[in-house]
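Take any residue in the sequence shown, count from 1 to its spot, add 307: that is its number in our numbering.
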Amino acid sequence: METSPGLSVEASAVGFQVRNDAGKVAFESNPVVMWDSAGGLDWDEVGTAEGPTSGTDSSTDAHPSSGGSDATAELTTRADKAADAAVADREGAPATGDRVELMDVTVGDGVVTVRPDAAVLADPELEFPLYLDPSIGADSPTRWGTIRSAWPTGNVWKNGDDQGLGFCDASWVSSCDQDSKHRLLWRFSALRYGSDGVLLKNLDSADIISADFSVYGTHSWDCTPRDVKVNGIDDVDNTVTWNNQPDWMGVQEVKTVSHKAACDNKRRIVWDVTARTKTSTSRDQSWVALGMRAVDESTMTHWKRYQADTAKLTIVFNRAPDVPSSSSMTTEGLSTCASSSNPLDVRTLEPTLQAKGTDPDGQKVGMEFRAVQSGGSEVYNSAWTSEQASGQTHTKKVASGKLQSEKVYWWSARAKDSDGKISDWSGANCYFRPDVTPPATPTATSSVYGRDAVGGGAGVAGSFTFDDAGSGDVVKYWYSFDSDAMQDSVTASGGTGTISFTPQRTGSHVLYVQAEDKAGYKSGDPLVYRFSVDQPSAIWWNFDEGSGTVAADSGALEGGPGGHDLTVSAPWLPYGYNGSGSALDFGGTAETWARSTEIVLDPSESYTVSAMVMPGAVNLGHRMAVSQDAATGSAFKLGYLDVGSECSAEAIQGCWAFLMYADEGAPETAVTSTLPVRTAEPTRLTGVYDAATTQMKLYVCNYSDTGFKAELVGTTSFEPTSTEWTAGGSLQIGRAKVGGSASEFWDGMVDDVRIYDQALDADAVSRICGG
């Protein structure tokens, strides 16, 4: 069996079926049967001019039936009833008395093989000739019947014998019993494509190409062709009678025919019933009802007989291709259909448009594309693409010279099938904006780290704001510090983007910035933004006075403001930590101390505190070298903790510590060291707080043969209060405050104390480690 592209053949329970490429049944065979010629009845001799004038014709002489069966037999095919059919033409169907058997059907490689029953062929009782019928056909009508004027309140309903049509004249043929006009009626129900395809009611009238009604003509009065017409009718069921006929609608077609065994022209006759079928679609009906009558119902010369249960209705329809869906439409392969509020930016004036073409009937389709300037007219219309199978993607590239850069357009598509039927244009318009112009080099500004200026400091947070320099379509900025990699990015909003930056070292820095627009273009030359991070501002007491009650602030030597002198109440050592200068010597009592007369730092901001210390003893309680007073306690402490408390278990001689407090009376947050605490060796302690990251760090610098070396011994997170407690008291050297009173008095040397208003990094701490 040869099938059209997209169709495949497979076996069914009683025959075979043909499916389309969507898996739906397009055609189904009737049960494949064979029959012999055992029956002998020939209805062609009943009711004819040359036939017998006596006998009984069940279709003309029998009394009206009571209605017969109904819905349960509506989809029965003629082959299903073949065993008891009374059909005269054995070429179309078995006659009464013929032996009927199913045949075996196999399907493979596009070949349908029908095998007659071997046992039947070997049966000596078999009557030849033998007929094989593997035909494909539509189902028989769901309902059919004959109405007769001589029996106006009854009908002949779904009778398997052939039925008379026209005027049966009892004066011409005694089998007519009495004068009577006969008409045939049919109803074809549940009309759909295949076994599970589209229903007739779901088609539009314009989808119907043709509809042919056919029925097998078994007898005519003579061999002269005469007119028979088929009308559309309203619904019909088993209550129909001559007196209760459905409305007869317009004539569908008149055929001038004869079909008589003696004339060798018994055959199937076809009428065009397209108009009635279109009426069903317009009424959302999946059934078609038809009526047949002789054009002249006054003479028996128009008498004919039809095998009513062989009637078939063949409808050819073609639906328009599907409207292309927005989900299948892409522009330059970058995105699905974009809206007018956010058109897709493409980096070409000749973008590639793609859409999927589908057809509900599985036909091949071509596609047409158009582009329209937003708010304007059409600027591009493509030729139809080559036809492809349903479900394939079609592609067109917009012709050169049709589009302008940075103008907004939309495009749509439609499909055309092999029969020339065209879908509507896609409902969703896909908006796009060609862009072949890179953005300008961006600009940058910073209030802390100005271009070609010195500002901020290591650990001092700042920000940079990038601007598109009038480009208008920048969506992102790429940037990097001190290299041209530009691997980091920030999204632009309204053409600007802002980043935060906290330098970890002083000195010169370079910021590289490149803009990217919606189309993905980047500015040709990056912005090169140079700036310098200022050295930290120091408050510095080197304690080299050697005597007196004042220790001067030497911070001006390192760029500090100066002026933060200390009042001293402690003896002076004649040498400092490095053997030169001098230092303060605290005795571990309330009588030895040094302090500022004003606030030195704000502990809610970033800062660094550093001191060179050498304890005189250990395990004698907590000892603090540097602190800042609050009302009843300290804001921070730098010094020594005795065994236990915050020290680790292995710190058997206590530990170095940096402590901070979030508020008055709050518990401390401590960073401690596991390095050994030595009494005869100077050690630099440096506590660092970074307000931007809320990190506390403790560095310990121990003296060795190669000098001092800074070691980061601990890091922890600090949780400041929302009120940012400033604890505005004096800076204390050699003591802290506990419970509103001075306490934790230092025992030993303190030298070279430094305060910075920045969170110094490890390199900076190492540089001050040795003083």
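Cβ atoms here follow ideal geometry from the backbone N, Cα and C, with glycine treated the same way.
Everything numeric in this text was worked out from a predicted model, so none of it was measured.
Separation of Leu428 and Thr525 (C-alpha to C-alpha, rounded to the nearest whole angstrom) is 29 Å. Ser770 places its beta carbon less than 7 Å from that of Thr805. Counting of Cβ neighbours within 10 angstroms places Val418 among the exposed residues, the total staying below 16.
DSSP links Thr637 through a beta bridge to Gln661. For Ile516, no pairing in a beta bridge is given by DSSP.
The secondary-structure analysis by DSSP pairs Met556 with nothing; it has no beta-bridge partner. It is roughly 21 Å from the alpha-carbon of Ser481 to the alpha-carbon of Ala569. According to the DSSP secondary-structure assignment, Asn926 is paired through a beta bridge with no residue.
Residue burial annotation: Gln485 is exposed, with fewer than 16 other C-beta atoms found within 10 angstroms of its C-beta. Note on Asn688: under 16 other CB atoms within 10 angstroms of its CB, so exposed under the neighbour-count rule. For Lys704, the pairing in a beta bridge is given by DSSP as Thr659.
In chain order, Ala751, Arg758, Phe771, Val817, Leu818, Tyr819 and Val820 place their CB closer than 8 Å to the CB of Tyr836, counting only its own chain and leaving out the 5 sequence neighbours on each side. With fewer than 16 other beta carbons inside 10 angstroms of its own, Asp503 counts as exposed. Checking the DSSP bridge columns, you'll see Ala1043 partnered with Ser1050.
Exclusion of the five residues before and after Cys962 leaves Leu948, Cys954, Thr979 and Ser980 as the residues of its chain whose Cβ lies within less than 6 Å of its Cβ.
The alpha-carbon of Leu966 is positioned some 7 Å away from that of Leu945. Listed in chain order, the beta strand (DSSP E) elements of length 3 or more contained wholly in the segment 982 to 1017 are 990 to 997 and 1002 to 1011.
Taken in chain order, the unbroken stretches of beta strand (DSSP E) that lie wholly in the segment 756 to 809 and span 3 residues or more are 769 to 774, 781 to 788, 795 to 798 and 803 to 808.
Annotation: the continuous beta strand (DSSP E) that includes Asp411 extends over Asp411 to Gly415. Of the candidates Ile846, Tyr786, Asn849 and Gly802, the residue whose Cα lies closest to the Cα of Asp832 is Tyr786.
Residue Ala863 holds the alpha-carbon nearest to the alpha-carbon of Gln842 among Ala863, Ala924 and Asn849.
Looking only at Ser632, Gly923, Gly870 and His929, the smallest Cα-Cα distance to Glu905 is reached by Gly870.
Ala822 is bridged by DSSP to Tyr784.
The beta carbon of Val715 sits closer than 7 Å to those of Pro650, Ser681, Tyr738 and Arg740, all from its chain and outside the five residues before and after it, given in chain order. Comparing alpha-carbon positions, the option among Ala1066, Ala1043, Tyr523 and Trp732 lying closest to Ser632 turns out to be Trp732. Judged by beta-carbon spacing, Val1057 lies within the 7 Å limit of Val920, meaning their Cβ atoms are closer than that value.
For Lys709, the secondary structure class from DSSP, reduced to helix, strand or coil, is coil.
Ser941: member of the beta strand (DSSP E) spanning Ser941 to Leu948, first to last residue. If the five residues before and after Asn572 are omitted, its C-beta is found closer than 7 Å to the C-beta atoms of Ser565 and His566, all from its own chain and listed in chain order.
Looking at the backbone, the Cα of Leu891 and that of Ser800 are separated by about 58 Å. Around Cys644, the same chain offers Ser633, Met636, Ala735 and Cys737 as residues with beta carbons nearer than 6 Å, after the five sequence neighbours per side are excluded. Excluding residues up to 5 positions away in sequence, Lys508 lie with their Cβ nearer than 7 Å to the Cβ of Asp591 in the same chain.
Contact between Ala877 and Gly1046 does not hold, since their C-beta atoms are separated by about 23 Å, which reaches or exceeds 8 Å.
Ranked by Cα distance from Phe1052, the first of Thr1028, Ser1037, Gly928 and Arg985 is Gly928. Under the DSSP assignment, Leu437 falls outside any beta strand (DSSP E); it carries neither an H nor an E label. Just so you know, the alpha carbons of Glu823 and Glu713 end up roughly 15 Å apart.
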